[in-house]
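Everything below concerns the one structure shown next.
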Amino acid sequence: MTSSLSEIFKKYAGWCPMAAARQKQEEDDRQAVPQVRGEDAGPVARRAVTFLRLTYAVVVLAWLVALAALPYLPETIPVHWNIYGQADGFTGRLAGAFGLPAIMTLTLFLLIILPRFDRMRVTFDDSRDIYAIVTFATVSLLLGIEVTTLLSSSGMDLPMATIFPVLLGFFFIVVGGLMPWLRRNTTAGIRLPWTIRSERVWNETHKHGGPVFVLAGVLIVLASAVAGTWGMPLALGIIAVAVIYVTIWSYRLSRTLSDEGCPAQDP
11 MTSSLSEIFK KYAGWCPMAA ARQKQEEDDR QAVPQVRGED AGPVARRAVT
61 FLRLTYAVVV LAWLVALAAL PYLPETIPVH WNIYGQADGF TGRLAGAFGL
111 PAIMTLTLFL LIILPRFDRM RVTFDDSRDI YAIVTFATVS LLLGIEVTTL
161 LSSSGMDLPM ATIFPVLLGF FFIVVGGLMP WLRRNTTAGI RLPWTIRSER
211 VWNETHKHGG PVFVLAGVLI VLASAVAGTW GMPLALGIIA VAVIYVTIWS
261 YRLSRTLSDE GCPAQDP
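Residue numbering for the sequence shown follows my numbering, starting at 11 and increasing by one per position.
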């Protein structure tokens with residue numbers, strides 16, 4: 011009805027405020043959509059959608075696993091382990107079974123929402139497929155923790171001190187392998203003040219830091235197989251060393267470029 015009145019008004023008056031307002035809104039909507047490079051839009055978008063669908067499937071699977079395991083769980087089950095793999099936190103059967111799926115659902119929601127607030131949305135969209143893979147890896151890590159927890163709670167004797175760091179190690183291998191292709195953004199990656207300011211520092215930091223995190227993940231997996239109850243403390247130590255090293259390396263690169271006269275901040 012509104013569209014018909016708008017067309018009649020425009021026919022006799024030559025101009026309609028409603029039509030002009032609608033056209034202005036359409037232009038604003040088009041400008042609000044971030045532009046991506048033509049050669050990347052197709053495959054990047056397809057990969058992002060594929061891994062996002064896989065992520066949804068993992069979250070649904072987590073709920074189904076919890077539902078299937080519920081009849082086999084005791085009234086009280088462990089939900090937290092110390093760094094030595096010893097259970098030190100317990101809860102009821104329902105909360106224990108469905109707690110992690112709920113956390114996974116909330117995590118997925120947050121990971122989907124966060125990019126909408128990225129100050130560098132245009133460059134971030136060029137690597138949104140990388141972000142989708144990291145999101146998939148994150149919920150897959152949580153699914154692995156859930157399955158391990160439910161199996162242990164149902165009476166199976168599992169080496170928790172080994173399994174948890176191994177899962178963490180594989181996660182770092184995946185994330186580190188993707189880092190060199192991650193474009194500068196404020197949502198994911200090595201987000202330090204000097205990497206956010208400079209495209210060159212960001213790129214060099216992620217090209218160098220990615221293999222470092224892959225190596226850290228490999229060391230965690232290998233060390234956890236022989237470390238016993240020291241698996242998780244050792245894993246946390248390896249991660250801390252990797253993070254500190256990459257941070258210092260990145261900062262020194264930023265200072266070196268600044269001393270050489272390179273701009274410390276992109277225009």
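We put the CB at the ideal spot given by N, CA and C, even for glycine.
Comparing C-alpha distances from W191 to each of M242, I230, L110 and G220 shows the shortest one belongs to G220. Taken atom to atom, the span from the alpha-carbon of T266 to that of S260 is near 10 Å. Between A107 and L74, the CB-CB gap reaches or exceeds 8 Å. For N213, the closest C-alpha among the options L244, L77, L178 and S264 is that of S264. Between W240 and S234, the alpha-carbon positions lie close to 8 Å from each other. V236 and V176 have their C-alpha atoms some 11 Å from each other. Non-local beta-carbon contacts of P111 in its own chain, meaning distances under 6 Å to residues more than five positions away in sequence, involve A72, W73 and A76 in chain order.
Given a length threshold of 4 residues, the stretch 152–185 has no whole run of the alpha helix (DSSP H) inside it.
For M166, the number of other beta carbons within 10 angstroms of its own is below 16, and it is reported as exposed.
Pairing P84 with M114, the inter-Cα distance amounts to about 23 Å. Separation of R193 and R262 (C-alpha to C-alpha, rounded to the nearest whole angstrom) is 21 Å. Between the alpha carbons of Q96 and V69 lies a gap of roughly 27 Å. For I230, the enclosing alpha helix (DSSP H) has its first and last residue at E209 to A237.
In the DSSP annotation of this structure, the continuous segment of the beta strand (DSSP E) that includes I87 starts and ends at T86 to W91.
Taken atom to atom, the span from the alpha-carbon of S137 to that of F181 is near 19 Å. Look at T196 here: in three-state DSSP terms it is coil, with no helix or strand label. The DSSP-derived three-state label of D98 is strand.
Per the Cβ contact rule, the stretch 147–159 is not in contact with the stretch 192–209 (fewer than 3 Cβ pairs under 8 Å). L83 sits in coil when the DSSP states are folded into three classes, being neither helix nor strand. Ranking L188, L246, R207 and I87 by CA distance to the CA of L161 puts I87 first. Spatial neighbours of V144 in its own chain (CB-CB distance under 7 Å, excluding positions within 5 residues in sequence) are listed in chain order as V185, L188 and A198. With contacts defined as CB atoms closer than 8 Å, R126 and T196 fail to qualify as a contacting pair. The alpha-carbon separation between G238 and T172 amounts to approximately 6 Å.
Membership of L121 in the alpha helix (DSSP H) is indicated by the continuous run R103 to I123.
Judged by beta-carbon spacing, D139 lies beyond the 8 Å limit of F223, meaning their Cβ atoms are not closer than that value. For the pair V89 and T117, the CB atoms are not nearer than the 8 Å cut-off. Cβ-Cβ distances below 8 Å link T215 to I200, L202, T205, V256, W259, S260 and L263 in the same chain, with the five nearest sequence neighbours on each side left out; the list follows chain order.
Setting aside the 5 residues that flank it on each side, T65 is surrounded in the same chain by L118, A142, T145, F146 and V149, each with a C-beta closer than 8 Å to its C-beta; the list follows chain order.
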